[in-house]
Amino acid sequence: MGTAAACASLTETPDQRRDLLLTVIEDYHRDRSNLIQVLHMAQAIYGHLPEDVLCTVAREMALPFSEVSGVVSFYSYFTTRPRGRHTVQVCLGTACYVRGGKKVLDALRDILAIDVGQTTADQAFSLEVKRCIGACGLAPAVAIDGTVYRRVAPGKLKAILGKYE
Amino acid sequence: MIRLTVDGRPLLAEDGETILQVASRHHIDIPSLCYLKDVHKTGACRLCVVEVEGSKNLVASCIAPVTEGMVVRTSTQRVRKARKVLFELMLSDHPNDCLHCERNQSCEFQKAGEILNVRSARFEGRRSRALVDDTSPSVVRDTSKCILCRRCVTVCNEVQGVGALNAQHRGFTTEIGPGGDLLLGSAVCAFCGQCTTVCPVDALHEADSTAAVWKALADPEKVVAVQTAPAVRAALGEEFGMEPGTLVTGRMAEALRRLGFDYVFDTNFTADLTILEEGTELLARIVSLFRSKGAVSDERLARLGMPERLPEPVLPMVTSCSPGWIKYVEHFHAPLLGHLSTCKSPHMMLGALTKSWFAQKAGIDPKKLFVVSIMPCTAKKFEITRPEMENDGFRNVDAVLTTRELGRMVREAGLGFPTLPEGRFDSPMGVSTGAADVFGVTGGVMEAALRTVHELVTGRPLPFERLHVAPIQGFERIKSATVKFAEVKPEWDFLEGVEVGIAVTHGLAGARVLMDQIAEGKSPYLFIEVMGCPGGCISGGGQPRLTTDEVRRKRLEAIYREDEGKPMRKSHENPDIQRLYAEFLGAPNGHRSHELLHTHYTERRRT
Numbered sequence: 131m132g133t134a135a136a137c138a139s140l141t142e143t144p145d146q147r148r149d150l151l152l153t154v155i156e157d158y159h160r161d162r163s164n165l166i167q168v169l170h171m172a173q174a175i176y177g178h179l180p181e182d183v184l185c186t187v188a189r190e191m192a193l194p195f196s197e198v199s200g201v202v203s204f205y206s207y208f209t210t211r212p213r214g215r216h217t218v219q220v221c222l223g224t225a226c227y228v229r230g231g232k233k234v235l236d237a238l239r240d241i242l243a244i245d246v247g248q249t250t251a252d253q254a255f256s257l258e259v260k261r262c263i264g265a266c267g268l269a270p271a272v273a274i275d276g277t278v279y280r281r282v283a284p285g286k287l288k289a290i291l292g293k294y295e
Numbered sequence: 007m008i009r010l011t012v013d014g015r016p017l018l019a020e021d022g023e024t025i026l027q028v029a030s031r032h033h034i035d036i037p038s039l040c041y042l043k044d045v046h047k048t049g050a051c052r053l054c055v056v057e058v059e060g061s062k063n064l065v066a067s068c069i070a071p072v073t074e075g076m077v078v079r080t081s082t083q084r085v086r087k088a089r090k091v092l093f094e095l096m097l098s099d100h101p102n103d104c105l106h107c108e109r110n111q112s113c114e115f116q117k118a119g120e121i122l123n124v125r126s127a128r129f130e131g132r133r134s135r136a137l138v139d140d141t142s143p144s145v146v147r148d149t150s151k152c153i154l155c156r157r158c159v160t161v162c163n164e165v166q167g168v169g170a171l172n173a174q175h176r177g178f179t180t181e182i183g184p185g186g187d188l189l190l191g192s193a194v195c196a197f198c199g200q201c202t203t204v205c206p207v208d209a210l211h212e213a214d215s216t217a218a219v220w221k222a223l224a225d226p227e228k229v230v231a232v233q234t235a236p237a238v239r240a241a242l243g244e245e246f247g248m249e250p251g252t253l254v255t256g257r258m259a260e261a262l263r264r265l266g267f268d269y270v271f272d273t274n275f276t277a278d279l280t281i282l283e284e285g286t287e288l289l290a291r292i293v294s295l296f297r298s299k300g301a302v303s304d305e306r307l308a309r310l311g312m313p314e315r316l317p318e319p320v321l322p323m324v325t326s327c328s329p330g331w332i333k334y335v336e337h338f339h340a341p342l343l344g345h346l347s348t349c350k351s352p353h354m355m356l357g358a359l360t361k362s363w364f365a366q367k368a369g370i371d372p373k374k375l376f377v378v379s380i381m382p383c384t385a386k387k388f389e390i391t392r393p394e395m396e397n398d399g400f401r402n403v404d405a406v407l408t409t410r411e412l413g414r415m416v417r418e419a420g421l422g423f424p425t426l427p428e429g430r431f432d433s434p435m436g437v438s439t440g441a442a443d444v445f446g447v448t449g450g451v452m453e454a455a456l457r458t459v460h461e462l463v464t465g466r467p468l469p470f471e472r473l474h475v476a477p478i479q480g481f482e483r484i485k486s487a488t489v490k491f492a493e494v495k496p497e498w499d500f501l502e503g504v505e506v507g508i509a510v511t512h513g514l515a516g517a518r519v520l521m522d523q524i525a526e527g528k529s530p531y532l533f534i535e536v537m538g539c540p541g542g543c544i545s546g547g548g549q550p551r552l553t554t555d556e557v558r559r560k561r562l563e564a565i566y567r568e569d570e571g572k573p574m575r576k577s578h579e580n581p582d583i584q585r586l587y588a589e590f591l592g593a594p595n596g597h598r599s600h601e602l603l604h605t606h607y608t609e610r611r612r613t
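Protein sequences, first through last, are from chains A and B.
Counting from 131, one number per residue, gives the positions in the first sequence under the working numbering.
Counting from 7, one number per residue, gives the positions in the second sequence under the working numbering.
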């Protein structure tokens, strides 16, 4: 569902996205204990969680806005700002870290001129950090939109990024 | 029964009690900070840690239940050291501007430092974001002072059911707030101020009006009138170290005169007036219901003294004197606004009358009049800013001081409050009946209204012992009763045998239940009283800190003492109210009443 919804977000109209969100909330029985799952889906539908989406979730699930916002701001997975067209994830799990993941991250910060959690001004790239993406044998690893790049050296980054617009 | 040992003493405890509770019952004082009896226990600050034999880590005694055979040590070297380190860590992210902080000497954090005998502040580090959110006319939030105890979160979400405050972000950047980019002024906050009564530090407090009032008092061009709400007299003494439940009505009037107010009026007067207006409105809605069924003729309508244009029969009717409740209902139950009585709250009525009736009688230009209300409430500060609270181009009320703010002004002026002689209220808006006093407690407005409405319809006093409607007294969250009209006056014969279902709630979480019933068409009531704060105005958001259940009980008893001590106990017996109608207003719900004393409501956004 997550991927399907994410794909849908590229083509759906605002009304269709809203309908999809309302269906998700209904599917989760408007139950407050499902708030995190609903937000997860909402982010898949919209790409990020702007205030009006949080208001809709709060209203439909009969929760205070401050509570929904509290959950969203607690988890680093959720973002209230639009993401770039491409998501660059640097693995800083133990294996990647000891094999130079930190240097890769620093190089990416320089090249993209943004910090972790931010998006480039041209909306092309968002930068994230992951704690182990399960590719320890390929360390240090970087994933862009789900494609994993193995044994990434800082010098290779420009070439890799160049494949994306 | 559970047996345990605390500091070498064998103690007995009830099942489910915490270590802190048991210790405190046996006069072993474990220091605590975030814990608040009857309200909040989360173990957030951990100042109450103790050693428990067999447990590797120190245990937060405010949340740890006692177990059979437990061995607890509350003041070992390790415990005292840990508490001091915890305190110093909190201190490292605190402004430490105590000497000019509003909570200086009434700060629980400061007090904890004293109890823990902390003599150093060894840690320096990052500071939390310092945001002073003064966008609400009622409540100011200062994030730099917040110690993240979360008492306000508990009160706002669980007691009030509002949820304007919650923890945002996490770790060091955690902040208590409305979320997103919202500030309190634009959040779905009722402005009830219950958060300000539980905040242990100065992170939440009422918006200051003392400066504006001092300025008006010093202005020779201004004639400054003041009024005091029923609940203030039962709590103001606490600001000066007096026992909770001490009635200070006379000393309060004297203090106000000595502060320089030109006229000292009593909001109780317009509480009586509210009963006449609201009682008539209730009857008019009930008559309207019977008229829609063809049971009341034109000729009968005239005999009943009902307004020419009857209101829509929207029932149950709900009281409107609590401005926090009003803002809440405007946010959360906007489709039900028609159920609210259109009566302004008593202090707004008094303000409107001061600048019309009184100004006329006393020959004072209303332009010069400055009306101050002493209220147990922070939402009243917002209420006076509502655009509709104005008549003939004059704001009804110019400033609201909470009970706490009045306490500060009296101390600043050095009046020696406990030793003041008994002062008196000024005429004509100083006389009140016992019915007005009970406005200060939950169930009071309902009881006062029934005392008058029942007598109007049947010609006999309300058939309850000492006029108290026992089923709607006390602190149960939702209270209900039925009052039957029997042997009514001939002109009210269509009400013979009619049972009036009534309900009373206090604190906004209970109000939600009653409103949902109305929305579903299942409300069995004709009249509902809602007070925004738990216990009613006696524990309003502007009352002295802290309000425990015991303090609340003592203030309530004081209010009933004041009521029972009055020669007149029914609003319609107030001779000055009768004079006001004869001289100025005409009849209850008449044309002039509607202009000056009634209002309307605004739909607000839900999230």
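Virtual Cβ for every residue (Gly too), placed ideally from N, Cα, C.
If you're wondering where the values come from, they're calculated on a predicted model, not measured in any experiment.
Just the C-alpha distance for A:Ser196 and A:Ala254, rounded to the nearest angstrom, thanks. 31 Å
Ordered along the chain, which non-local residues of its own chain (more than five positions away) have a Cβ less than 6 Å from that of A:Tyr294? His216
Does the count of Cβ pairs from the region 208 to 226 of chain A and the region 255 to 271 of chain A closer than 8 Å reach three? yes
Span of the alpha helix (DSSP H) holding B:Asn172? Per DSSP, B:Asn172 belongs to no alpha helix (DSSP H); it is in the beta strand (DSSP E), Asn172 to Gln174.
Does DSSP put A:Val198 in a helix, a strand or coil? helix
Can you check whether the C-beta of B:Pro341 is within less than 8 Å of a C-beta belonging to chain A? no
Along the chain, which unbroken stretches of the beta strand (DSSP E) at least 3 residues long are found entirely within the region 475 to 553 of chain B? 484 to 490, 505 to 512 and 533 to 537, all fully within the region 475 to 553 of chain B.
Alpha carbon to alpha carbon, how far is B:Cys155 from B:Glu120? If you draw a straight line from the Cα of B:Cys155 to the Cα of B:Glu120, it comes to about 19 Å.
Using the C-alpha atoms, what's the distance from A:Asp236 back to B:Thr613? Between B:Thr613 and A:Asp236, the C-alpha separation is close to 40 Å.
Near B:Ser529, which residues of its chain fall below 6 Å by C-beta distance, leaving aside the five closest residues on each side in sequence? Pro322 and Gln523
Flag A:Glu197 as yes if its beta-carbon sits less than 8 Å from any beta-carbon of chain B, otherwise no. Taking CB atoms only, A:Glu197 has a neighbour in chain B less than 8 Å away.
For A:Cys221 versus A:Cys185, is the C-beta spacing smaller than 8 Å? No, Cβ-Cβ distance for A:Cys221 and A:Cys185 is not below 8 Å.
Which residues in chain B sit within 7 Å of A:Ala188, going by Cβ to Cβ distance? Thr613
Cα separation between A:Gly132 and A:Ala174? Below a pLDDT of 50, predicted positions are generally treated as unreliable, and A:Gly132, at 41, falls in that range; the measurement from the model is reported next regardless. A:Gly132 and A:Ala174 have their alpha carbons spaced roughly 6 Å apart.
Given a cut-off of 8 Å, decide if B:Ile370 and B:Val232 are closer than it, judged by their beta-carbon atoms. no
Mark B:His535 as exposed unless 16 or more other C-beta atoms lie within 10 angstroms of its C-beta, in which case mark it buried. It is worth fixing the name first, because residue 535 of chain B is Glu in this sequence and not His. Buried.
Starting from the Cα of B:Ala517, find the closest Cα among B:Val165, B:Leu92 and B:Arg9 and give me that residue. Closest option to B:Ala517, Cα to Cα, is B:Val165.
Excluding sequence positions up to five away, which residues of its chain have a Cβ less than 8 Å from the Cβ of B:Gly14? Excluding sequence positions up to five before and after B:Gly14, its CB lies less than 8 Å from no other CB in the same chain.
DSSP beta-bridge partners of B:Ile380: B:Thr234 and B:Leu407
DSSP has A:Cys262 in a bridge; who is on the other side? In DSSP, A:Cys262 forms no bridge with anything.
Chain-ordered residues of the region 190 to 201 of chain B with a beta carbon less than 8 Å from chain E: Of the protein chains in the structure, A and B, none is chain E.
When the Cα of B:Lys560 is compared with those of B:Ser545, B:Met574 and B:Lys90, which residue comes out closest? Nearest Cα to B:Lys560 within the set B:Ser545, B:Met574 and B:Lys90: B:Ser545.
Does any C-beta atom of chain A lie closer than 8 Å to the C-beta of B:Arg610? no
Chain B contact for A:Ala135 (CB, 8 Å cutoff): Summary for A:Ala135: the model assigns pLDDT 45, below 50, so the residue's position carries little reliability; its value from the coordinates is reported in the next sentence. Cβ-Cβ to chain B under 8 Å: no for A:Ala135.
Inter-residue Cα distance where the pair is B:Phe275 and B:Thr425: Approximately 26 Å between the Cα atoms of the pair.
Partners in chain A for B:Ala170, counting only beta-carbon separations shorter than 9 Å: Pro194, Phe195 and Ser196
Out of curiosity, what's the CA-to-CA distance linking B:Val55 and B:Thr80? 8 Å
Using the Cα positions of B:Asp214 and B:Ala196, report the straight-line distance between them to the nearest angstrom. 18 Å
Could you check which residue in B:Glu428, B:His512, B:Leu456 and B:Met435 has the C-alpha nearest to that of B:Ala441? B:Leu456
Contact under 8 Å by Cβ, B:Gly169 with B:Cys158: no
What's the gap between the Cα of A:Ala135 and the Cα of B:Asp187? At A:Ala135 the pLDDT is 45, less than 50, meaning the model places this residue with poor confidence and gives no usable figure here.
By the criterion of Cβ-Cβ separation under 9 Å, what are the contact partners of B:His175 in chain A? Contact annotation for B:His175 against chain A: Gly200, Ser203 and Phe204 [CB-CB distance below 9 Å, chain order].
Looking at the secondary structure, which residues open and close the alpha helix (DSSP H) in which A:Pro144 lies? Pro144 to Asp157
Take the Cβ of B:Tyr334 as the centre, count every other Cβ of all protein chains shown within 10 Å, and call the residue buried at 16 or more, exposed below. buried
Comparing the C-beta of B:Asn274 with each C-beta of chain A, is any distance below 8 Å? Contacts with chain A at 8 Å (Cβ-Cβ) do not include B:Asn274.
Report the rounded CA-to-CA distance for B:Val85 versus B:Ile390, giving the unit in angstroms. 50 Å
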